[in-house]
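Enquirer: Mind having a look at this structure? Questions to follow.
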Amino acid sequence: MRTVLTREMDGRRVLGPIWSGWRRGLAVSTAPEDAGFGIETRHHRQPRGSRLRSGPLGDQPFPGLLPKNLSREELVDALRAAVVDRKGKSGELTLLSVLPELSQSLGLGEQELQVVRASGKESSGLVLLSSCPQTASRLQKFFTHSQRAQRPTATYCAVTNGIPTASEGKIQAALKLEHIDGVNLTVPVKAPSRKDILEGVKKTLSHFRVVATGSGCALVQLQPLTVFSSQLQVHMVLQLCPVLGDHTYSARVGTVLGQRFLLPAESTKPQRQVLDEALLRRLHLTPSQAAQLPLHLHLHRLLLPGTRARDTPIELLAPLPPYFSRTLQCLGLRLQ
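Its first residue numbered 3, the sequence shown is counted upward by one per residue in the working numbering.
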């Protein structure tokens with residue numbers, strides 16, 4: 003998770019190298035100092051690249067992830083230490099649960115932080131926070147207006163297990179949340195009726211572009227034009243190319259004699275993603291390590307409104323987490 007604090011529209015706080023797994027509320031990990039991870043806005047210098055090993059991973063298969071048993075104090079310290087620019091369920095350790103402590107540690111006094119925009123629970127990338135209600139309102143209006151005009155403001159990077167048939171295009175699907183075996187899961191709906199829409203089914207849309215391919219995998223750029231729980235993960239499953247590290251929806255893609263097909267979403271229970279032996283060798287992972295593979299879905303780029311209405315949007319970039327970068331190196335993929 004990369005965190006950005008906004009205080010006024012003519013100035014922003016940027017919180018640096020924080021990465022999220024969100025497995026139990028929020029599992030946060032930090033990038034090492036020599037990995038060169040920091041928030042950039044347009045015209046800022048590029049970060050130095052990570053120094054990555056390509057050999058066996060040993061006891062550290064996913065560099066850049068912090069322990070799951072992070073304390074509240076450690077999380078607040080990590081968030082506070084990540085500030086690189088200052089221009090501008092009960093009992094669980096979550097981002098929301100530590101916002102009061104973070105506000106105090108940043109010297110915001112009585113001003114309350116609120117989440118304006120965030121990547122999904124298990125994905126990494128930018129998180130936009132604001133301590134100013136007027137700023138938060140303006141940002142929300144910008145995102146809403148852009149969505150209605152079908153102008154993407156968020157760009158994700160994903161590594162997929164499988165290569166999409168088309169090099170770019172649109173993915174459209176009606177989705178709904180369904181409670182299955184005690185878990186809320188996103189399920190596609192074919193030909194939704196007006197009644198379905200009234201009952202919570204939503205028509206969703208994402209743009210995708212294949213950036214690079216190799217070893218049976220692809221680096222894909224995704225731009226959602228709607229917002230729905232697990233939208234991008236389910237969209238890639240519908241392309242028969244689940245996101246690497248998707249231990250919730252990838253089981254919906256079956257394989258017989260090398261041919262992939264979709265299994266019924268309602269009757270397919272979530273399970274750990276299974277990778278073939280060739281891919282495991284390329285990633286230098288054992289099956290038990292692959293079962294802990296983080297979701298390779300990263301909110302890489304976010305557009306914010308300029309100071310004035312006619313200004314060019316401000317571009318925020320979150321470089322890839324170390325484990326994501328290492329996966330790209332192992333697969334011979336490169337982010338252009």
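Note that the Cβ used here is the ideal one computed from N, Cα and C, for glycine as well.
#1: Indicate the three-state DSSP secondary structure (helix, strand or coil) for R254 in the structure shown.
#2: In this structure, does DSSP put V239 in helix, strand or coil?
#3: Taking just the CA atoms, how far does K192 sit from L77?
#4: With distances taken Cα to Cα, identify the nearest neighbour of Q291 among T257, L305, H249 and T314.
#5: Using 8 Å as the threshold, is the segment 123–138 in touch with the segment 183–198, meaning 3 or more CB pairs across them?
#6: Spatial neighbours of T228 within its chain, please: C-beta separation below 8 Å, excluding the five flanking residues on both sides.
#7: Starting from the C-beta of F64, find all residues in its chain whose C-beta is less than 6 Å away, skip the five residues before and the five after it, and write them out in chain order.
#8: Does the Cβ of S210 have 16 or more other Cβ atoms within 10 Å, making it buried, or fewer, making it exposed?
#9: Considering Cα atoms alone, identify which of G216, P315 and R328 is closest to L141.
#10: Does DSSP put E1 in a helix, a strand or coil?
#11: Please tell me whether H302 and T162 are closer than 7 Å, where the distance is taken between their beta carbons.
#12: Take Q338 as the anchor and find which of E201, T167 and V222 has the nearest alpha-carbon.
#13: Distance check for R328 and T167, CA to CA, integer angstroms please.
#14: Can you tell me whether R119 is buried or exposed? The criterion is at least 16 other CB atoms within 10 Å of its CB, across all chains shown.
#15: So what does DSSP say about I165, is it helix, strand or coil?
#16: Answer yes or no: do G216 and L335 have a C-beta to C-beta separation smaller than 7 Å?
#17: According to DSSP, simplified to helix, strand and coil, what is L101?
#18: Where does R336 sit, in a helix, a strand or coil, going by DSSP?
#19: Note down the Cα distance separating E75 from H300, rounded to an integer number of angstroms.
#20: Mind checking who S107 pairs with in its DSSP beta bridge?
#21: Who are the Cβ neighbours of L240 in its own chain at under 8 Å, not counting the five residues just before and after it?
#22: Could you check the C-alpha separation between Q152 and G218 for me, to the nearest Å?
#23: Could you tell me the distance, in whole angstroms, from the CA atom of K271 to the CA atom of K178?
#24: Output yes or no for whether 7 Å exceeds the beta carbon distance between P323 and S121.
Expert: Quick answer:
#1: helix
#2: helix
#3: 42 Å
#4: H249
#5: no
#6: Q149, K204, K205, T206, L207 and S208
#7: P296 and Y325
#8: Just to set this straight, residue 210 is Phe in the shown sequence, not Ser. That one is buried.
#9: P315
#10: Residue numbering for the chain in the displayed model covers 3 to 338; residue 1 lies beyond these limits and cannot be assessed.
#11: no
#12: V222
#13: 25 Å
#14: buried
#15: coil
#16: yes
#17: helix
#18: coil
#19: 26 Å
#20: For S107, which the question treats as bridged, DSSP gives no partner whatsoever.
#21: I173, A175, P190 and L264
#22: 32 Å
#23: 16 Å
#24: no
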